[in-house]
Every structure is written in C-alpha cells, then in structure tokens.
C-alpha cells in the first residue's frame, strides 16, 4: 500500500530540501543493504561476515587456539 502525501503547500525551496533529504536517506539505505547477500533459492538471506556489525560470533581456528591458548591457561 503506497502512501499519498499532500505537498501542495510546500514552496519550491522546501520541496527541493525534501527531495535532497529523501535522496540522502535512500542512498544510505541502499548502501547498508549492499552488504547483505540476496535472498537465496531456499528463501534464506545471507550476510557479509566481513562487516564488523554482522552479528556472528567468530570461532577461533585450531591454529589460533594453539597459539593463544597458553596465555589463557590452556595446556600446551
């Protein structure tokens, strides 16, 4: 359902400012969506795990455990 807005009382300057702000907002929304992968054939949506705000909890690799473990009390 689309919304209809009455813009008839706006001046040319107000309309220009409104269009500029809407364009900036649209561009920001598009930029944030660029990091997300498209919907897959099964309906799932992916996410770019390189994005620091992706929300996944990283799991250390075996090498990281071997190298960093002793500093955290893990026996060698």
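Numbering (this note's numbering), first residue to last: 1255 to 1330.
We treat Cβ as the ideally placed atom computed from N, Cα and C, and that holds for glycine.
Query, Result
"Whole angstroms are fine: how far does the CA of residue 1269 sit from the CA of residue 1279?", "15 Å"
"Go to residue 1322, then tell me how far its alpha helix (DSSP H) extends in each direction, as first and last residue.", "1316–1322"
"May I have the straight-line CA-CA distance separating residue 1284 from residue 1330, to the nearest angstrom?", "48 Å"
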